[in-house]
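I have placed the structure first, in the form of C-alpha cells, so that the comments after it can refer back to it.
2 protein chains.
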Amino acid sequence: MNFVPERMAPLRARRMGIDTHHEPTLYLRAESPVCRSEGFESLSRILASSHGDKCIIASLNIITSDLIADDEVGFSEAAWKRLNIEPDAPVWLSHPRPVQSLSHVRAKVYGHRLSQDQFREIIHDIVSGQYAEVHLAAFITACCDDQLDDEEITSLTRAMVESGSRIDWKLPVVLDKHCVGGLPGNRTTPIVISILTACGVTIPKTSSRAITSPAGTADTMETLTHVSLSLDEMRHVVNSVGGCLAWGGSVRLSPADDLLIQVERALDIDSEGQLIASVLSKKIAAGATHVLIDIPVGPTAKVRSQEAADKLAASFRAVATQLGLEIRILFTDGSQPVGRGIGPALEARDILAVLQNQADSPDDLRDRAAVIAGAMLEMVQDIPAGEGVRIALEQLKSGAAWNKFMAICAAQGGMKSPPLAPYRYALIAHQDGIVTNIDNRKLSKVAKLAGAPADPAAGVEMHVHLGQAVESGTPMLTIHAESVGELNYAVDYLSEHHDIISLAHERREKEKHA
Amino acid sequence: MNFVPERMAPLRARRMGIDTHHEPTLYLRAESPVCRSEGFESLSRILASSHGDKCIIASLNIITSDLIADDEVGFSEAAWKRLNIEPDAPVWLSHPRPVQSLSHVRAKVYGHRLSQDQFREIIHDIVSGQYAEVHLAAFITACCDDQLDDEEITSLTRAMVESGSRIDWKLPVVLDKHCVGGLPGNRTTPIVISILTACGVTIPKTSSRAITSPAGTADTMETLTHVSLSLDEMRHVVNSVGGCLAWGGSVRLSPADDLLIQVERALDIDSEGQLIASVLSKKIAAGATHVLIDIPVGPTAKVRSQEAADKLAASFRAVATQLGLEIRILFTDGSQPVGRGIGPALEARDILAVLQNQADSPDDLRDRAAVIAGAMLEMVQDIPAGEGVRIALEQLKSGAAWNKFMAICAAQGGMKSPPLAPYRYALIAHQDGIVTNIDNRKLSKVAKLAGAPADPAAGVEMHVHLGQAVESGTPMLTIHAESVGELNYAVDYLSEHHDIISLAHERREKEKHA
C-alpha cells in the first residue's frame, strides 16, 4: 500500500479528541484549497500518509464550520492511534485505490466458494484498515447460514492467524479452553486454571474481554488483580507459579477478529463459520496445542439444540484437525445462568466463594469447573477416563486450587477485592410458584443495561434457580448499578419483560378466580 | 417511537458543521454529568428528542477534548437536518430501544422468507432512522443472490412506496421510463420526453441524480435548465407545455430507497430484488401507470447476458403486474457507450446535437431515443407495432421535438448553455488498429475520477466506437476536469488500465518484429 502522492502540499495533523468507535475518521475543511483542488469533498474514504511511508485509510468527514483550519487535517481517536504521529506532523492526503479484495466479498455474497488466497487478501485488507464498517458487515452477512464449508473455515482461520502475532511459549504442550457462550455467569476459567496449575500442569492462559456478554474472563479477573500484562510479564508469571490469567489484548492476536467482532456485535450476528474461525485463530495465535471447547446447549443459550451442537462440534473438529490442533468438545447444560452473579465483580465473588470452599458457594459453578478441568487433565495426562473430575474436585477441597489462585494474583501484581455497586433494585415475586424458565438472553440484557461490563460492579445477582419454589414477597434477582441512570434503564427493561423468570402459578391463580 | 425520558435535564443543541454523509451523528462530552450519570459513553447509538415529541436515532461520538461544552450536544449536518431544531434548543438524550425489525433481517440472513408485514416493519424502521449503516449493509447483502422471490420483491416494493409521498397527477395515464443502466452516455430521456410531448402525450417526468454512474438525467438536465421544482411548479409546467424534465428529489418518493442506495453504492452491490423494488417503488410513488424498462445487455453493462436479462425481465413483469402497473421491456445493445459524452454537460451537448439535427450528431443516441419513444407511444396510442419509431424519428427531423424541449426548459425557468471544463487530457493511440472492445465500467470510473457528476463539466468525451479504424497518433478519448487534481487521478487510472479501449493490432506488430 505504498501510495504516497507527491503533488500535494502536506497538511498539519490535529488530534480532535473525537471517539468514533472503531471507524478511523479524518476531518477536512470544505473551504480548504486542498479539498477543492483534489476533489476530496465527494469522497467517503481517504488515504492519509505520514513521513516514513506509514499510511491509513479512513472515513472522511467534511467540516463546514471553523472547527479546524484550512491547513489542518483532523484525526478521530481511532485514526490518531492508527497513524501514530505527533501533533502538527505533516500528513499527505490522496484518493484511496479501489479495494480489490471486495470483489471476493461480492463473490461470496453471490454464493461462490473462496480460496485460501482470496481469504488471505480479504483478511489482509481488513487488518490494513481498507474496509469500512459496511464492507465488514457485508462480509459477515455473506458468511452466515452455512455459506462457508469446513475447508473455507480452515482457510479463513489460517488467514486470521497469519494476520497478527503468534505467541511461542517454548512448551511442548499448551492447554487452552473456550466456552461458546450465551450462558451468563458461566465464569469457570479462573477456577479451572487454578485447579490445573495445582495439578502441576503449566497453563499460560490469555482471555478476552466481553464482546456481547455482560462479562468476559479478563473483565472478571480485572476486579481481582492486574491483567494487562506484556508478553514478557506473562512468561515471568508462568515461570514462577505455573500459570497466568491475563488479558490477551496486549498482544496482537488475530487482529482481524477484533475488527469483525465489533460489527458482529452491532448486527447481533454470530455465524458458525465466523465463530469457529474467531475462536480457533485466537487459540492458535495464543500458542495453544490442545484446546477444550465447552458448548452449553439450551433454549436461550447461544446453541439451542443438541442437533445444532453436534453440527458445530463436527465443524470445530474438522477445522482444528486441519490446523494441527488437538481438540476435545464438552456439551454442557445451557438452560440457566451459572452461579449467582452476572457481571465482572459479581462473578468474581462466586469464584472466590468456590475457591475458598465457602459454605454457601454455588455448587453448579464448582461442578462445571471441575468437569472442565478434569476433561482437560485427561487430554494431557495419562489417567483413566472419569478420573479427571475427581482429581479436580480434590484440588478445590484441599485448598490447593485457592493457594494457586492467590499465587497467580500475587505474581500478576497483587490481589484486590471486587467492588460493590452503590445502586440496587430487587425484583420481588408477587405470588408463590415454582421457577419453570429463565431467559438467559434477557438476563444478559438487564446486566448490560445496568452497566456491565464497562462498570465492573454492575450486573445481576440471581436468587433463584430452575425448579426452585419461590414465596410471594421474596426477591428473585437484584440489579446492581454504578449510576442511577443505568439502574433505571435496567429496571425499565425488567418491567417490560415479564418472562425473564417464569413461575408456574397459573393453576393457583385460576383457583382464586373460581 | 414516543420515548421522551423525563429524568434527565435537557442539553443545548449545537450544530457542529460536520458532514458525516448519511449517518446522523451526535457529539457528547465524555466528562459531562449527563454522559456519566446515564452511562452514555458505552453506547454506539443514542435517541435524541426535542420539544414536540420529535426524535431521531443517531450514532454517538464521545468528545474527549473541549470541542463542546458539558451542557451541549453536538449535531452532524445529517442529524441537524433530521431533527430540524433551532440552535440552543433543548434536547433530551436516552438509550434507544432495541430495534425489533432487525430480527427479520437476521431471519433473511438465515434464508427465511419474509412476509409483507415484516418488510413493512423493516422499511418503517429504516425510514425512521433506526438502522445504522451496518444494519442496512446486512439487509442489502441478505437480499442478494436470489434470496427474494417475486412475492417478496412485491412486498418490499409496496412497503417502500408506502414509506413516502405519492404524486397524484390527476391524469388517466402517466407514462414513465427507466433504464437499468451501466451504459455510460445513455442519456435518452430528455430526447424521449421531447418526442412524446411533441406527439401530444402528457408526460410529467421526474428523474434522479446519479447513484453509481457519472451522470443521472437530473444532473444532465441541470446543466440545461432549472430542475429543482416543487410539485406545484411541476404541475404548472406540465399544464402549460405538456411535459416536464424535473428532479424527483424535492418530493419524498420512496425515501427508504434513498437510504438503501447509498449503502449499495458503498458496497458496489445491486441485487436483482433491490433493483426491481427500487425502480418500481420510485415509479409508482411518482404516479406512473405505464412504465417502459430499457435493459441494455453487454459484457460490461450491468446486465451481462441475455439469460440474465430474461430472468430480470420476468421478475420485473411479475412484480409490476402484482402492483397494477402496465410494463413493457426493451432489450437494447449494451456493448459500448452511447453518444460521445460521458458526464452531465458532455451528455447535454449530445442531446442538443440530436434535438437540433446537427450534422455530426450521434446517430446511436438518436436511434435509441426514437426506439424507446416509439415503444412508449405504442403503449398508450392505438398505432400498429413498429409505427412508433417512425413517428418518433419524424418529430426529431421536423424540429417538433426540439421546439418542445425549448418550451419545457423555458417553462422550468429558462434554458442555459452546458459548461465546458478548463482541464483536458487526450488519450492517443500509439498504433493503428481496429477498436474491438470498450470497457463501460472502467470508462465510467475514469469519468467519476475526473469529477463527474459533482463537477458538471467533468467526464469523458469518446472519439471512437466499436469496429472503428484508428490511426496511430489520433485521440481515442479526452478527459475533461474542473480541477488539476481530479484530472491527474483520472489520468493515473487510465495509465494503469490499458484495456479500457482495446485495438486489434497484434498481427501488424508481429509483422513489424518479423
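So the protein lines, in turn, are chains A and B. For the record, in the first sequence the residue sitting at position 27 is 28 according to the working numbering, with numbers rising by one throughout. For the record, in the second sequence the residue sitting at position 67 is 68 according to the working numbering, with numbers rising by one throughout. All C-beta atoms, glycine included, are put in the ideal place defined by N, C-alpha and C.
So, with DSSP's three-state summary, where would you put residue i?
i, result
"H481 of chain B", "strand"
"T26 of chain B", "strand"
"V471 of chain B", "strand"
"P88 of chain A", "coil"
"C200 of chain B", "coil"
"M416 of chain A", "coil"
"I502 of chain B", "strand"
"V461 of chain B", "strand"
"V181 of chain B", "coil"
"T190 of chain B", "helix"
"T333 of chain B", "strand"
"I123 of chain A", "helix"
Using beta-carbon positions only, say whether residue i and residue j come within less than 8 Å of one another.
i, j, result
"G415 of chain B", "T226 of chain B", "yes"
"I343 of chain B", "G460 of chain B", "yes"
"L176 of chain B", "H105 of chain B", "no"
"L467 of chain A", "V492 of chain A", "no"
"S60 of chain A", "R46 of chain A", "yes"
"D351 of chain A", "P338 of chain A", "no"
"T207 of chain B", "G249 of chain B", "yes"
"I58 of chain B", "L48 of chain B", "yes"
"G244 of chain B", "P205 of chain B", "yes"
"L149 of chain B", "G40 of chain B", "no"
"G474 of chain B", "I409 of chain B", "no"
"V135 of chain B", "L268 of chain A", "yes"
"I502 of chain B", "V447 of chain B", "no"
"L137 of chain A", "V264 of chain A", "yes"
"L450 of chain A", "M463 of chain A", "no"
From this set, the options, which residue's C-alpha is nearest residue i's C-alpha?
i, options, result
"W251 of chain B", "B:I196, B:A286, B:V355", "The question names Trp, but residue 251 of chain B is Ser in the sequence shown. Comparing Cα positions, the closest option is B:A286."
"T221 of chain B", "B:K398, B:A401, B:P345, B:E73", "B:P345"
"N240 of chain A", "A:P363, A:K303, A:Q413", "A:Q413"
"Y490 of chain A", "A:L254, A:S473, A:Y424", "A:Y424"
"H237 of chain B", "B:K171, B:A386, B:G274, B:A289", "B:K171"
"A278 of chain A", "A:R367, A:R305, A:E163", "A:E163"
"G53 of chain A", "A:N85, A:A80, A:S66, A:G40", "A:N85"
"L261 of chain B", "B:P11, B:V485, B:S166, B:E24", "B:E24"
"Q469 of chain B", "B:I124, B:E134, B:T65, B:N438", "B:N438"
"I127 of chain B", "B:R13, B:A160, B:C410, B:A505", "B:A160"
"G201 of chain A", "A:A482, A:Y426, A:Q382", "A:Q382"
"H22 of chain B", "B:E78, B:A370, B:D72", "B:E78"
In chain order, what residues of the same chain lie with their CB nearer than 7 Å to the CB of residue i, ignoring the 5 residues before and after it?
i, result
"A319 of chain B", "D151"
"I373 of chain B", "K178, T189, V193, L293, D295, L331"
"A515 of chain B", "Its pLDDT being 40, under 50, A515 of chain B is placed unreliably in this model, and the value from its coordinates should be taken loosely. Cβ neighbours of A515 of chain B beyond the five flanking positions: none."
"L232 of chain B", "I168, V252"
"A211 of chain B", "G217, D220, P454"
"E42 of chain B", "A31, C36, I63"
"F120 of chain A", "S156, L157, A160"
Does chain E have any CB closer than 8 Å to the CB of residue i?
i, result
"T301 of chain B", "The chain labelled as chain E is not found among the protein chains of the depicted structure, namely A and B."
In its own chain, which residues sit with a C-beta less than 8 Å from the C-beta of residue i, not counting the 5 before and 5 after it?
i, result
"E7 of chain A", "Low confidence applies here, because E7 of chain A scores a pLDDT of 49, under 50, leaving its location unreliable and the question unanswered by this model."
"D334 of chain A", "P297, V298, G299"
"V92 of chain B", "P11, L12, R13, A14, A49, S50, S51, V74, L84, I86"
So who's on the other strand from residue i, going by DSSP bridges?
i, result
"G434 of chain A", "A:V471"
"W170 of chain A", "W170 of chain A is not bridged to any residue."
"S60 of chain B", "B:T26, B:R46"
"L476 of chain A", "The sequence given here places Pro at residue 476 of chain A; Leu does not occur at that position. Looking at the DSSP assignment, P476 of chain A forms a beta bridge with A:I429."
"P205 of chain B", "B:C245"
"V298 of chain A", "A:V304, A:D334"
Please work out which residues of its chain come closer than 6 Å, Cβ to Cβ, to residue i, disregarding the five sequence neighbours upstream and downstream, and give them in chain order.
i, result
"E122 of chain A", "S102"
"I196 of chain B", "A374, A393, Q396, A402"
"G75 of chain B", "R15, M17, Y28, I69"
"H498 of chain A", "K443"
"E327 of chain B", "H291"
"S496 of chain B", "none"
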